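Peer 1: Just so we're aligned, residue 1 is where the sequence shown starts under the UniProt record's numbering, counting upward by one. Beta carbons are placed, not taken as given, at the ideal position from N, Cα and C, and that holds for glycine. Bear in mind the structure is a predicted one, so any value in this text is a computation, not a measurement. Okay, here's the structure, questions in a sec.
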Amino acid sequence: MDTEGWSGSTSLDKTANQLAEEIGLTEEEIAWRKAFVGFDTEEQERMARLGDVVSEEKEQLTDAFLETIYAHDRTRAVVDRSSQGDDGLRRVVETYLETLTGGTYDTEYYTQRCRIGRIHDQLDLPLHHFSGMFGNVTTLFLEEIKANTIETARNAAESDGPDAVEAAIEEGFADAMATTRCINLEMQVVNDTYESRRRELREAINLIPDPIFELTSSRA
Numbered sequence: 001m002d003t004e005g006w007s008g009s010t011s012l013d014k015t016a017n018q019l020a021e022e023i024g025l026t027e028e029e030i031a032w033r034k035a036f037v038g039f040d041t042e043e044q045e046r047m048a049r050l051g052d053v054v055s056e057e058k059e060q061l062t063d064a065f066l067e068t069i070y071a072h073d074r075t076r077a078v079v080d081r082s083s084q085g086d087d088g089l090r091r092v093v094e095t096y097l098e099t100l101t102g103g104t105y106d107t108e109y110y111t112q113r114c115r116i117g118r119i120h121d122q123l124d125l126p127l128h129h130f131s132g133m134f135g136n137v138t139t140l141f142l143e144e145i146k147a148n149t150i151e152t153a154r155n156a157a158e159s160d161g162p163d164a165v166e167a168a169i170e171e172g173f174a175d176a177m178a179t180t181r182c183i184n185l186e187m188q189v190v191n192d193t194y195e196s197r198r199r200e201l202r203e204a205i206n207l208i209p210d211p212i213f214e215l216t217s218s219r220a
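As structure tokens, then:
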């Protein structure tokens, strides 16, 4: 495709800060999004506590996430296009899980999340595949939360009675909600970066001269 006349940079050429600025990911915007989905300070602290689960189960969580990717031809093809390789991809997943439960969800955090969308767009990963991957991450966390909740509730039933069992269930549900909201915010940023890329491509296409129109004009 001839893009002569197109002087703008694409989202693949931009830094995370440039992408964040382009999609309007300001401190105020992030605060609004958090408030809209209910991801408050308490829930951010819950995510930080889940970091202990990630530390203890990092290898198993990473294996479970990658197993689904490798099991399907479409997502496996994306991995094969990446320069990361299997070991590199594993490190990427481990780092992602660690930062997801890092407990700091500020402007810098979400700005760096812009890079995730940009990199996967570069690998031609369809957005619905990416959404599915976020769904898989959510499932991994919910399964761990379920297991911990069951164990806590059983121990409470043996020693503390019904009120303690109810409290354990409520705590587990609160952790699940915090996880769901946290990952929802991640997906919002990825959606924004994908849409930003689509707008750039449309603008680039509109700047390509129409040869039929030019030929007609030259003969007029």
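Could you pull out every residue in the same chain whose Cβ sits closer than 7 Å to the Cβ of T152, ignoring the five residues on either side in sequence?
Peer 2: Indexing the sequence shown from 1 puts residue 152 at position 152. The answer, listed in chain order, is A168.
Peer 1: What residues in its chain sit with their C-beta under 6 Å from that of G51, if we drop five residues either side in the sequence?
Peer 2: As a working mapping, residue 51 is identified with position 51 in the sequence shown. Answer for G51: T101, listed in chain order.
Peer 1: In terms of residues, what are the limits of the alpha helix (DSSP H) holding H129?
Peer 2: Start at 1 with the first residue of the sequence shown, and residue 129 comes out as number 129. Where H129 is concerned, the enclosing alpha helix (DSSP H) stretches over 127–159.
Peer 1: Pairing CB atoms from the stretch 93–111 with CB atoms from the stretch 12–30, are three or more of them under 8 Å?
Peer 2: The stretch 93–111, when compared against the stretch 12–30, does touch it at the 8 Å Cβ threshold.
Peer 1: Counting beta carbon pairs with one atom in the stretch 63–80 and one in the stretch 128–138, are three or more of them shorter than 8 Å?
Peer 2: Yes, the stretch 128–138 touches the stretch 63–80.
Peer 1: Between which two residues does the alpha helix (DSSP H) containing residue 297 stretch?
Peer 2: What the structure shows of the chain is the stretch from 1 to 220, and residue 297 is not part of that stretch, so it cannot be assessed.
Peer 1: Quick check: T149 and T180, are their CB atoms within less than 8 Å of each other?
Peer 2: For the purposes of this step, residue 149 is taken as the residue at position 149 of the sequence shown. For the purposes of this step, residue 180 is taken as the residue at position 180 of the sequence shown. It is not a contact, given that the beta carbons lie outside the stated cut-off.
Peer 1: Just checking my contact of E45 with G103 at CB under 8 Å: how many whole Å lie between their CB atoms?
Peer 2: On the sequence shown, residue 45 is found 45 positions in, with the first residue counted as 1. On the sequence shown, residue 103 is found 103 positions in, with the first residue counted as 1. Yes, they are in contact, since the Cβ atoms of E45 and G103 sit about 7 Å apart, within 8 Å.
Peer 1: What are the boundary residues of the alpha helix (DSSP H) that Y105 is part of?
Peer 2: As a first step, residue 105 must be located in the sequence shown, where it is residue number 105. Careful: Y105 lies outside any alpha helix (DSSP H) and carries neither H nor E.
Peer 1: Nearest by alpha-carbon distance to G172: which of M47, H128, V79 is it?
Peer 2: Mapped onto the sequence shown, residue 172 falls at position 172. The shortest C-alpha separation from G172 is found at M47.
Peer 1: Check for me: the alpha helix (DSSP H) holding F39 runs from which residue to which?
Peer 2: Taking the sequence shown and counting its residues from 1, one reaches residue 39 at position 39. Looking at the DSSP string, F39 is not in any alpha helix (DSSP H), and its letter there is neither H nor E.
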